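Take a look at the structure set out below.
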Amino acid sequence: MKSATEATPSQELSFWVASHVRCFEFLGGVPALLVPDNLKSGITSPHLYEPLVNETYREMAEHYGTAIFPARAGRPKDKASAEEGVQLVTRWILARLRKRVFFDLPELNRAIRLLLAELNRRPFKGGRPGSRQDLFLSREKVALRPLPATRYELARWKKAKVHIDYHVEVDRHYYSVPYALIHQEVRIRITDSVVEIFLKGDRVASHRKDPSPGRHTTVFAHMPPNHQAVSDWTPERFLEWASRVGPGTHQVVNNLLASRRHPQQAYRSVLGILSLAKKDSPSILERACQKALSLGVGSYREVRILMESPVVRTKDSSEPISSPPLLHDNLRGGEYYAFPAKGETPC
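Structure (structure tokens):
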């Protein structure tokens, strides 16, 4: 068989799988069967009858239409041709490069490729005609399966429990699933470009991967009805509405939005506070909010109670009211709440 070899930083899963992908591309096709050693990157649990194959490794093999049949531990004859190839590479490539100094991995692999081409073209010994390259082209290449239309994209998997806010966490970013799955355990497939969430083998959500930490990617259809009802609201709209009442109201609303892991959780409280301006008057709401700030409170219930207090209701409206500062460590500006395109809404 034609030899294929390369240097990698380690045998960890990502390098192990990527080396297979490059090997298939080097050969121009895919063998029907893979017979690896029982290294941890590929075989999670070696077993004579039912070895457990790493999920990412198995997925890669399925993508290329091949099967994994691990060699039995301590049985080198299960992969005799591979063992012979290792010996050839050791003698023909590693031995000749041992005294050379390389400054990075690409430089080393360029040197390996030159010697590998020489090894594959080297005539067989013992009077046998041809070379490994000749044998590959005449007999072996036709037995390979064709490469798929797309290259395998390395994926990793994790388990997670759906949060009460119908999101799961991946690399400190939060992705939505249908709200009915709250508290369910799901499995998440993560690539450089996509996050897919599965429940009992069925895909229930798919998102473009977003590297922004601490933010949310939310699909409208995943929201419960009460969240969908307020999905047209944004923090900017609430803050602009509150500013019409006064600076104290603006700050109370901003503090509420900033106090939640995602602003939607504060929308009901904010709507309640702003509705008090219609039920009573904007000036009394503003006084109540300024009093709430001075007391270090600011929930809907607390503001409503303060609006009924004599201190707020009897204050001379002509007397200037000291406005709380609008710039402090806990204040978030409108740019904090910038939303992406419709269909994927951080919340």
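So for the sequence shown, my numbering puts the first residue at 263; every next one is plus one.
Glycine residues also receive a C-beta, built at the ideal position from the N, C-alpha and C atoms.
Being a predicted model, the structure only gives us computed values, none of them experimental.
query, result
"Environment of T267 [buried if 16+ CB atoms lie within 10 Å]", "buried"
"Straight-line Cα distance separating D494 from V559", "28 angstroms"
"Span separating the alpha-carbon of F331 from that of D299", "9 angstroms"
"Beta-carbon spacing of H524, H478 below 9 angstroms", "yes"
"9 angstroms Cβ cutoff met for L555 and A504", "no"
"Alpha-carbon spacing of I567 relative to A520, whole angstroms", "22 angstroms"
"Where D396 falls: helix, strand or coil (DSSP)", "helix"
"contact_flag[the segment 429-441, the segment 467-474] where n(CB pairs < 8 angstroms) is 3 or more", "yes"
"Residues bridged to Y437 [DSSP beta-bridge criterion]", "V430, T479"
"Own chain partners of E548 with C-beta closer than 6 angstroms, once the 5 adjacent residues on each side are dropped", "V507, G508, G510, T511"
"Close Cβ partners of H282 (< 6 angstroms) along its chain, the five nearest in sequence each way excluded", "none"
"Collapsed DSSP secondary structure at I567 in the structure displayed", "helix"
"DSSP-derived helix/strand/coil call for P385", "strand"
"Helix, strand or coil at T267 [DSSP, three-state]", "coil"
"Integer Cβ distance of F286 from Y319, believed to fall under 8 angstroms", "With 8 angstroms as the limit, F286 and Y319 do not qualify as a contact, their Cβ atoms being about 14 angstroms apart."
"For K420: DSSP bridge partner residues", "I450"
"Alpha carbon of L387 to alpha carbon of L399, nearest angstrom", "Note on residue identity: the sequence assigns Lys, not Leu, to residue 387. If I take the Cα positions, the gap works out to 19 angstroms."
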